[in-house]
Amino acid sequence: MSLVRYPIIQYAYVVNDVEAACLRWADMFGAGPFLIVPNFRGLNGRYRGQPAGDIVTHALGQCGAVNIQFTQQHNDAPSVWRDMYPKGSQGLHHVMLMPDDIESERQRFEEAGCVIGAEFDDPLKVGEDGQPITARVYYIDARPLIGCFVELFEGSDLIRGTLETLARLNHDPVERSRLFRDAL
0 MSLVRYPIIQ
10 YAYVVNDVEA
20 ACLRWADMFG
30 AGPFLIVPNF
40 RGLNGRYRGQ
50 PAGDIVTHAL
60 GQCGAVNIQF
70 TQQHNDAPSV
80 WRDMYPKGSQ
90 GLHHVMLMPD
100 DIESERQRFE
110 EAGCVIGAEF
120 DDPLKVGEDG
130 QPITARVYYI
140 DARPLIGCFV
150 ELFEGSDLIR
160 GTLETLARLN
170 HDPVERSRLF
180 RDAL
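Next up, the structure:
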């Protein structure tokens, strides 16, 4: 049985400039629009077992049938981003999976010899009670097996809806012409 049992939902890249990467992909591939998540820090973040200190901007968009993410780190904190790409370098960083049971999937990767590079709770939105609605996220260091990290993202109707919206907007030239958006 293969280690990866879920479809790849996203290809993600570390970049030096999020906006420049979005513009380049829009020009080359017709990608976009992009949801911009500035100065992101996950809740309860851990990097290799220690408190995480990285601050990043994410851009999430669609390129045809594929979701893409660009990440720019703004500080010099140790991180899964810098594990692969020192400041000034860029390239493919991870693929994202959305397993039904994130904890058992994490365990399967660990049993295959992979380690958790980072983990955090992604604050998707604020609930009616004023508390954040979160999704668990793991960055599994699978470089020895496939040359990049694997992001395990806890599935939810909210994130699936966001991905569907990005796909729909990508197929509408008028919507795609507004390249940058605030996160939904």
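Numbered continuously in numbering that gives the first Met the number 0, the sequence shown closes out at residue 183. In this text, a Cβ means the ideal position worked out from N, Cα and C, and glycines have one as well.
Based on Cα-Cα distance, which residue from the options lies nearest to residue i?
i              : options                      : result
glycine 41     : Leu91, Gln106, Pro6, Pro50   : Pro50
asparagine 169 : Gly48, Gln61, Asp140, Phe148 : Gln61
leucine 96     : Gly52, Ile35, Val65, Ala25   : Val65
leucine 59     : Asp26, Phe69, Tyr46          : Phe69
What does DSSP give as the partner residue(s) for residue i in the beta ladder?
i             : result
proline 50    : Arg45
tyrosine 137  : Glu118, Leu151
threonine 161 : None, per the DSSP bridge assignment.
glutamine 68  : Ala11, Leu59
State the Cα-Cα distance for the pair residue i and residue j, rounded to the nearest angstrom.
i             : j              : result
glycine 48    : isoleucine 158 : 26 Å
aspartate 100 : arginine 107   : 11 Å
serine 78     : glycine 87     : 15 Å
leucine 91    : cysteine 147   : 7 Å
tyrosine 12   : alanine 19     : 13 Å
Less than 7 Å between the beta carbons of residue i and residue j, yes or no?
i            : j             : result
proline 32   : leucine 178   : yes
tyrosine 84  : glycine 116   : no
valine 136   : aspartate 121 : yes
valine 14    : glutamine 72  : no
leucine 22   : arginine 180  : no
arginine 191 : glutamate 118 : Past the edges of the chain, shown from 0 to 183, lies residue 191, and the structure says nothing about it.
Within 10 angstroms of its Cβ, does residue i collect 16 or more other Cβ (buried), or is it exposed?
i                 : result
leucine 183       : A caution first: leucine 183 carries a pLDDT of 48, below 50, which makes its placement in the model too unreliable to give a value.
glutamate 150     : buried
tryptophan 24     : buried
isoleucine 145    : exposed
phenylalanine 152 : buried
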